[in-house]
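Numbering (this note's numbering), first residue to last: 1 to 146.
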Amino acid sequence: MKTIIYLSLMILFFSCKSEKNEKEFSNDFIEIDSIADNVDPIQYNAEFKYGTDSITKIIYCNMNLKKEFGTVFVSFKIDTIGNMYDIKIGKSDNKNLNGEALRLTKLIPNEWKPAELGGGKKRIKVLSKYYLPIRFEKMIKERNCK
């Protein structure tokens with residue numbers, strides 16, 4: 001009798017767990033690690049709607065340059081809708097520039113084409129991470145903001 005109860009509890013436990021996995025796949029956010037093996041491994045990176053040159057213009061035309069110089073690496077995530085979030089400083093040559101780098105990154109509009117996995121009609125939108133180096137240098141600012 002105990003064996004039957006134990007087996008029925010095990011079956012109930014595993015059936016509940018499989019329902020949870022199905023619910024996870026129905027969310028808007030599907031991370032690369034949770035995608036089934038039947039999806040082609042072709043990956044399409046997230047792209048800014050107006051092109052990479054537009055990001056450069058936004059950053060350098062709004063940059064407040066002081067006497068500080070250096071490079072700040074900013075990272076952020078792009079969700080399956082195309083919105084940026086979780087903006088962070090990755091690495092910084094000059095900690096005094098971190099605040100300005102975050103401010104400049106937040107000026108980029110939430111108009112991204114999300115990353116996708118798969119080929120043909122079986123593309124799945126996935127979360128992705130984007131890395132943006134921002135160089136604080138007068139010559140670069142002048143060259144990119146004309």
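A virtual CB, placed ideally from N, CA and C, is assigned to each residue, including glycine.
Taking Cβ positions, are residue i and residue j nearer each other than 8 Å?
i    : j    : result
Y60  : I124 : no
N144 : L104 : no
L127 : T80  : yes
R135 : T56  : no
With residue i as the anchor, note down where its beta strand (DSSP E) starts and where it stops.
i    : result
L132 : 128 to 136
I87  : 84 to 92
K77  : 70 to 78
L117 : 115 to 117
When burial is assigned at 16 or more other CB atoms within 10 Å of the CB, is residue i buried or exposed?
i    : result
I78  : buried
Y130 : buried
P114 : buried
Please classify residue i: does DSSP put it in a helix, a strand, or coil?
i    : result
L97  : helix
K106 : helix
E142 : helix
I168 : Since the first residue shown for the chain is 1 and the last is 146, residue 168 is missing from the structure and cannot be characterised.
Starting from residue i, trace the alpha helix (DSSP H) in both directions and tell me its first and last residue.
i   : result
I58 : 52 to 61
Are the stretch 113 to 127 and the stretch 87 to 99 in contact at 8 Å, needing three or more beta carbon pairs? no
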